[in-house]
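The structure under discussion appears below in the form of structure tokens.
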Amino acid sequence: TVLGTFALPLATTVALLALRLRFPIPAIAGAATLLFLFNEGNSMWGGNIPSTLAGEFAFSLGFALSVAFVGLLYRGVERQRGWRWLAALLALTGLCHPIAFLNATAAGLFFLLDRRHFARNLRFLLLTYGLAVLLMGFWLIPLVGKLPFATAINWKWHFSSWRELLPPILQPVAPLALLDLAWLAVRRRPEDRPLWYLAFAGLTSVVLFINATTLGLPEIRFAPFVQLVVLLLAVDALRRLLPLEPSRWPQDSPLRFAPHVGALAIALAMAAFAQSSSSKIPSWIRWNYTGLESKPSYPLLQDLMDQVRGSISDPRVAYENSPRHDRFGSMRIFEDMALLSGRATLEGVLLQTSINSPSIYFLQNQLSKQGTGVIPGYLYPAFHPERATPRLALYNAHDVIAVTPELRTAFEADPSWERVFARDDYAVFHLKDADPHYVRVPRYQPAVLDSADWKRDFHSWFASDDALEVPLLLASRMPPEERGRFPRAESPSAPPRVAIEAECEIEEHIDHLEIEFTTSCPGLPHWIAISYFPNWQVEGAQEVFLASPGFLLVVPEGPR
12 TVLGTFALPL ATTVALLALR LRFPIPAIAG AATLLFLFNE GNSMWGGNIP STLAGEFAFS
72 LGFALSVAFV GLLYRGVERQ RGWRWLAALL ALTGLCHPIA FLNATAAGLF FLLDRRHFAR
132 NLRFLLLTYG LAVLLMGFWL IPLVGKLPFA TAINWKWHFS SWRELLPPIL QPVAPLALLD
192 LAWLAVRRRP EDRPLWYLAF AGLTSVVLFI NATTLGLPEI RFAPFVQLVV LLLAVDALRR
252 LLPLEPSRWP QDSPLRFAPH VGALAIALAM AAFAQSSSSK IPSWIRWNYT GLESKPSYPL
312 LQDLMDQVRG SISDPRVAYE NSPRHDRFGS MRIFEDMALL SGRATLEGVL LQTSINSPSI
372 YFLQNQLSKQ GTGVIPGYLY PAFHPERATP RLALYNAHDV IAVTPELRTA FEADPSWERV
432 FARDDYAVFH LKDADPHYVR VPRYQPAVLD SADWKRDFHS WFASDDALEV PLLLASRMPP
492 EERGRFPRAE SPSAPPRVAI EAECEIEEHI DHLEIEFTTS CPGLPHWIAI SYFPNWQVEG
552 AQEVFLASPG FLLVVPEGPR
């Protein structure tokens, strides 16, 4: 988890060496990355230590690799050598994080501005990028194929002040970076081409930032690369202002060591400034890396997990979203429900890109005094536990961990729930008389919906209390000859109700990668409460359809 953090100073040094900056400038730049790493201005943009401590460790590793790639690409294009190794490095960058991959590849556009060597440079880039894509293909091709079934995390960051982009620790370097850009603009020299390339890399990240939401990407993830480029341009300004290079000093006197002493003094000053600017990082590091077991609240966590302990075949366990969970080590601790208790839950590490994520956040808001609406463009309700109950049942979530007095009071007053555990301010409630199956025959025939935006329509269906018992089927995902088997819905929130008159007995076996069930009602639609993935394989079914809110609808041809 800290590999990217420790790799960034080395990666930056390697990058500047590849850009032909002479000793000790690359080493000073490596030390200068401490100002970026210890930046406490944000804890979710990526790259800096607070973001890594918040869980963005894959980004921090990809970020360091992208910095090394940008520098090494310059040397590779100049020499027209090493495209295979560069492709391997770029592929590794992309496998760590797609934003790091985009930052790394966009910088290469600089070489297409060279009209004299355009064809040569284009060939080198195509070889490098093409091989990188092929090396990533085992992951990248399925990802692209499944994008229609993913949820875009196209956050738009709203800045309250320019100080968010330039927090106090980076403010001293901004004037130096501007000075360096002015120098480059006024005094155009061939030897400054590597610095123009570096500035261009920062500019491409700005362009990506501006267009990220259109691409369905979180724009703010591109800001850290711009911050680092500003820092490196400031280091170059120091090079111009101070005689830091040995070639600028006499080589036959003790003064020949002055650049070494000066570089060491600058590096130590940067380290001291970074250390003095850090207030919360040391305590956060201790909090993270002392582990769950050392927390005073660990016995409470054990009791909670013992109360809901089971297997993946048991109904899901839901929980109230609350910052109070941070006492256990992280407020997202219950995303580890499967590890801690063996049971499944609604949320997971990849929740934000799941097809079900808008519905899960909708349910979280109904269930939690402090809900969240992470996915933009969707409506989220106010706290309303009574309306959450049928949606929890839909997802086969029969146990809820409550922490606020408001949710505990609401469930204690609701005859559908019974309290089975209470300690401190935590309680566990169990949904009484609920169908304990992930596979069930719906009360009403599924309805077929023609939709130009099926994700939004499925969300509208999920938001409607009256529609929850009628599965929606997406017409465009059905063969034309099958669409007439079910009634048609004119609106996602008001599908027709055609009752299914059947008493069905279902036995199911749930594994991590498989559901097998036996039913007494072959030929009838069976609703399966699992997230839909486009690479499913089904045996023993007449048809399989995508059903709201991202479940599968199976029509078994036989009892098994």
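Under the numbering used here, the first residue of the sequence shown is numbered 12, with each subsequent residue one higher. For each residue, glycine too, the CB sits at the ideal point set by N, CA and C.
Of the listed residues the options, nearest to residue i (C-alpha basis)
i: Asn-299; options: Glu-525, Met-342, Val-328, Leu-312; result: Met-342
i: Ala-245; options: Ala-513, Leu-279, Ala-43; result: Ala-43
i: Phe-432; options: Arg-320, Pro-387, Arg-398; result: Arg-320
i: Tyr-437; options: Phe-170, Leu-312, Pro-570; result: Leu-312
i: Met-316; options: Glu-358, Asp-347, Trp-260; result: Asp-347
i: Glu-175; options: Gly-52, Val-509, Glu-512; result: Gly-52
i: Ala-223; options: Pro-109, Asn-59, Ile-292, Phe-284; result: Pro-109
i: Ala-248; options: Val-184, Ala-285, Val-197, Gly-273; result: Val-184
i: Trp-168; options: Pro-178, Leu-279, Trp-56; result: Trp-56
i: Ile-164; options: Arg-86, Glu-230, Ala-130; result: Glu-230
i: Ala-118; options: Val-218, Glu-331, Leu-190; result: Val-218
i: Phe-562; options: Gly-58, Leu-239, Pro-453; result: Pro-453
i: Glu-492; options: Val-459, Ser-471, Pro-235, Ala-130; result: Val-459
Helix, strand or coil at residue i [DSSP, three-state]
i: Tyr-455; result: strand
i: Ile-39; result: helix
i: Trp-194; result: helix
i: Glu-429; result: strand
i: Val-509; result: coil
i: Leu-442; result: strand
i: Phe-394; result: coil
i: His-169; result: coil
i: His-523; result: coil
i: Tyr-389; result: coil
i: Arg-31; result: coil
i: Phe-497; result: coil
i: Ile-576; result: No answer is possible for residue 576: the residues shown for the chain start at 12 and end at 571.
i: Trp-547; result: coil
i: Leu-239; result: helix
i: Trp-96; result: helix
i: Phe-49; result: coil
i: His-406; result: What sits at residue 406 in the sequence shown is Tyr, not His. Three-state DSSP puts Tyr-406 in coil, outside helix and strand.
i: Tyr-449; result: coil
i: Val-481; result: coil
i: Leu-557; result: strand
i: Glu-518; result: strand
i: Pro-533; result: coil
i: Thr-215; result: helix
i: Pro-567; result: strand
i: Trp-260; result: coil
heavy atom of the ligand GTP below 7 Å from residue i C-beta
i: Leu-228; result: Judged by which ligands are present, the structure shown has none, so any question about the ligand GTP falls away.
Residue i versus residue j: straight-line alpha-carbon distance, rounded
i: Leu-101; j: Trp-94; result: 10 Å
i: Phe-47; j: Asp-425; result: 51 Å
i: Glu-516; j: Glu-525; result: 20 Å
i: Asn-132; j: Val-88; result: 6 Å
i: Ser-172; j: Ala-269; result: 41 Å
i: Gly-484; j: Ala-500; result: It should be pointed out that residue 484 corresponds to Leu in this sequence rather than to Gly. So the alpha carbons of these two residues sit roughly 9 Å apart.
i: Pro-560; j: Ala-115; result: 37 Å
i: Gly-640; j: Gly-340; result: In the structure as shown, the chain starts at 12 and stops at 571, and residue 640 therefore has no counterpart that could be examined.
i: Pro-265; j: Leu-252; result: 22 Å
i: Arg-467; j: Val-481; result: 17 Å
i: Gln-318; j: Gly-384; result: 29 Å
i: Cys-532; j: Val-439; result: 35 Å
i: Ile-386; j: Phe-345; result: 20 Å
i: Ala-404; j: Ala-161; result: 24 Å
i: Ala-510; j: His-523; result: 33 Å
i: Ala-75; j: Phe-17; result: 9 Å
i: Leu-242; j: Leu-136; result: 27 Å
i: Asp-337; j: Leu-357; result: 19 Å
i: Ile-196; j: Ala-212; result: The residue you asked about is not Ile; residue 196 is Ala in the sequence shown. Cα to Cα, Ala-196 sits roughly 16 Å from Ala-212.
i: Leu-19; j: Leu-214; result: 20 Å
i: Pro-567; j: Ala-540; result: 16 Å
i: Ala-65; j: Ala-413; result: 24 Å
i: Val-565; j: Ala-552; result: 6 Å
i: His-271; j: Leu-28; result: 17 Å
i: Gly-573; j: Gly-148; result: The structure shown does not extend to residue 573, since the chain is modelled only from 12 to 571, so the question has no answer here.
Expected contact under 8 Å - CB spacing of residue i and residue j to nearest Å
i: Thr-529; j: Glu-518; result: 5 Å
i: Pro-392; j: Phe-422; result: Not quite, the Cβ-Cβ distance comes to about 17 Å (not below 8 Å), so this is no contact.
i: Val-25; j: Ala-98; result: Not really, about 17 Å apart at Cβ, beyond 8 Å.
i: Ser-333; j: Gln-381; result: 6 Å
i: Arg-267; j: Pro-257; result: 7 Å
i: Ala-408; j: Val-328; result: 7 Å
My parser needs the alpha helix (DSSP H) runs of 4 or more residues fully inside the stretch 111-150; what are they?
129-146
Output the residue ranges of the beta strand (DSSP E) runs that lie fully inside the stretch 266-295 and measure 3 residues or longer, sorted by chain position.
none
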